[in-house]
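Which chain is which? The protein sequence lines are A and B, in order.
In terms of this note's numbering, the first sequence is residues 520 to 662.
In terms of this note's numbering, the second sequence is residues 520 to 662.
As structure tokens, the structure follows; a few thoughts come after it.
Protein chains: 2
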Amino acid sequence: MQIASPSPTLLTRLRAAGLRPTRQRLALARLLFSAGDRHITAEQLHGEALAASIPVSLATVYNTLHQFTEAGLLREVVVEPGRSYFDTNTDDHHHFFCESTGMLQDIPGSAVMVGALPHAPAGTEISRVDVIIRVRRQNTAAS
Amino acid sequence: MQIASPSPTLLTRLRAAGLRPTRQRLALARLLFSAGDRHITAEQLHGEALAASIPVSLATVYNTLHQFTEAGLLREVVVEPGRSYFDTNTDDHHHFFCESTGMLQDIPGSAVMVGALPHAPAGTEISRVDVIIRVRRQNTAAS
DNA sequence: GAGTAATTTAGAACAATTCCAAAAGCGGGT
DNA sequence: ACCCGCTTTTGGAATTGTTCTAAATTACTC
Chain A
520 MQIASPSPTL
530 LTRLRAAGLR
540 PTRQRLALAR
550 LLFSAGDRHI
560 TAEQLHGEAL
570 AASIPVSLAT
580 VYNTLHQFTE
590 AGLLREVVVE
600 PGRSYFDTNT
610 DDHHHFFCES
620 TGMLQDIPGS
630 AVMVGALPHA
640 PAGTEISRVD
650 VIIRVRRQNT
660 AAS
Chain B
520 MQIASPSPTL
530 LTRLRAAGLR
540 PTRQRLALAR
550 LLFSAGDRHI
560 TAEQLHGEAL
570 AASIPVSLAT
580 VYNTLHQFTE
590 AGLLREVVVE
600 PGRSYFDTNT
610 DDHHHFFCES
620 TGMLQDIPGS
630 AVMVGALPHA
640 PAGTEISRVD
650 VIIRVRRQNT
660 AAS
């Protein structure tokens, strides 16, 4: 029905990633990528899809998120046990995580640091460096 | 019965943390702290306790780990969705996480980095900086 | 359009963790 | 040493987030 012709980019990106551009994947990709950088959980995305009248199953949302992640379209960020965020920004960057609100926020790429990396344990190679700066709401009370 | 008189330190540390030195907490503390730095999950600790004939319930292990963490005796490290490690090293340090083996390893304190920290979002203060260097087993095949 | 393999689905299955109300244990005062 | 009140522990059920499964559907090739 209303598949319209969205940014052909999405379709292209999926193809390039070796993923068939199915209705569900396209719809989820649109939700994920057409609104700037996002940090979203599987359940949240599922909710958004349903709200947008895209009847996709939760299992498919999980499948899709993982496939996108493997394909390098997404990055998974683990901040709390039992909850995974997916970040639409796959550039090399890091995060603020607010323990009070559960909010995740990109750290502007440049503002970062990371000097000398220690060398990885024997027989292993570095796959990624995650920096999470945990913050909490400030004690605004001055009294 | 065989409570013996372990390093009075444990008892002292618990008291200092405002935690009643109950049998279970003492026993778990001993498992945790008398063998150098450890990275352990709740289930693992529970297993160790049972193996050591300390019949403690899993719920208590969870309670205890969280209380110890709040008291600053432990540090929680989240590397994978759905699994939490507790680190007996509470000094400022970081981690290697091997994606192939699931093994967590301290990064020698000095070998670290972290230069200029970006300032936290308005109204928040930094509570901690976690650096996790994800490594994977190297492609040993040279052919 | 038909055939085939990839994808989606709903729901069951799982794993880690938390919750619950009841039982047990700790420590202060006697 | 014994009581008492309050903290802690317990087992089991409940919850949460995620994965699995077998069957139905869909995308692409010819």
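A virtual CB, placed ideally from N, CA and C, is assigned to each residue, including glycine.
Keep in mind the model is a prediction, meaning the values are calculated, not measured.
Determine the burial state of residue i: buried for a count of at least 16 other Cβ atoms within 10 Å of its Cβ, exposed for fewer.
| i | result |
| --- | --- |
| residue 548 (chain B) | buried |
| residue 520 (chain A) | At residue 520 (chain A) the pLDDT is 45, less than 50, meaning the model places this residue with poor confidence; the figure from the coordinates comes in the next sentence. Answer is exposed; the Cβ neighbour count stays below 16. |
| residue 603 (chain A) | buried |
| residue 610 (chain A) | exposed |
| residue 528 (chain B) | exposed |
| residue 564 (chain A) | buried |
| residue 643 (chain A) | buried |
| residue 535 (chain B) | exposed |
| residue 571 (chain B) | exposed |
| residue 656 (chain A) | exposed |
| residue 542 (chain B) | exposed |
| residue 569 (chain B) | exposed |
| residue 607 (chain A) | buried |
Throw me the rounded Cβ distance for the residue i and residue j pair, which I believe falls under 8 Å.
| i | j | result |
| --- | --- | --- |
| residue 615 (chain B) | residue 641 (chain A) | Residue 615 (chain B) to residue 641 (chain A), Cβ: 11 Å. No contact. |
| residue 650 (chain A) | residue 654 (chain B) | The pair is not a contact, with the Cβ atoms about 15 Å apart (cut-off 8 Å). |
| residue 561 (chain A) | residue 584 (chain A) | 6 Å |
| residue 551 (chain B) | residue 544 (chain B) | Not really, about 10 Å apart at Cβ, beyond 8 Å. |
| residue 588 (chain A) | residue 605 (chain A) | 7 Å |
| residue 652 (chain A) | residue 626 (chain A) | 7 Å |
| residue 573 (chain A) | residue 590 (chain A) | Going by Cβ atoms, the distance from residue 573 (chain A) to residue 590 (chain A) rounds to 20 Å, so no, they are not a contact pair. |
| residue 601 (chain B) | residue 566 (chain A) | Going by Cβ atoms, the distance from residue 601 (chain B) to residue 566 (chain A) rounds to 20 Å, so no, they are not a contact pair. |
Which residues in chain A sit within 8 Å of residue i, going by Cβ to Cβ distance?
| i | result |
| --- | --- |
| residue 626 (chain B) | 637 |
| residue 580 (chain B) | Within chain A, no residue comes near residue 580 (chain B); the closest Cβ sits about 14 Å away, beyond 8 Å. |
| residue 618 (chain B) | 646 |
Out of the options, which one is the CA nearest neighbour of residue i?
| i | options | result |
| --- | --- | --- |
| residue 557 (chain B) | B:566, B:577, B:624 | B:624 |
| residue 612 (chain A) | A:622, A:648, A:618 | A:648 |
| residue 622 (chain A) | A:636, A:637, A:597 | A:597 |
| residue 474 (chain B) | B:636, B:599, B:637 | It is not possible to answer for residue 474 (chain B), since the shown part of chain B is limited to 520 through 662. |
| residue 594 (chain A) | A:617, A:559, A:533, A:575 | A:559 |
| residue 464 (chain A) | A:566, A:601, A:617, A:592 | What is shown of chain A runs 520 to 662, which leaves residue 464 (chain A) out entirely. |
| residue 586 (chain A) | A:566, A:567, A:540, A:601 | A:540 |
I want to verify the contact list: residues of chain A whose CB lies under 7 Å from the CB of residue i, in sequence order.
| i | result |
| --- | --- |
| residue 655 (chain B) | 643, 644, 646 |
| residue 557 (chain B) | Neighbours of residue 557 (chain B) on chain A: none; closest Cβ ~17 Å, over 7 Å. |
| residue 601 (chain B) | 600, 601 |
| residue 597 (chain B) | 597, 598, 599, 600 |
For a contact defined as C-beta to C-beta under 7 Å, what are the partners of residue i on chain B?
| i | result |
| --- | --- |
| residue 615 (chain A) | 639, 640 |
| residue 610 (chain A) | By Cβ distance, chain B contributes nothing, its closest Cβ being about 16 Å from residue 610 (chain A), past 7 Å. |
Run through chain A and tell me which residues come within less than 9 Å of residue i, C-beta to C-beta.
| i | result |
| --- | --- |
| residue 652 (chain B) | 636, 637, 639, 645, 646, 647, 648, 649 |
Start-end ranges of the beta strand (DSSP E) lying completely within the region 556-606 of chain A, minimum 3 residues: 594-599, 602-606
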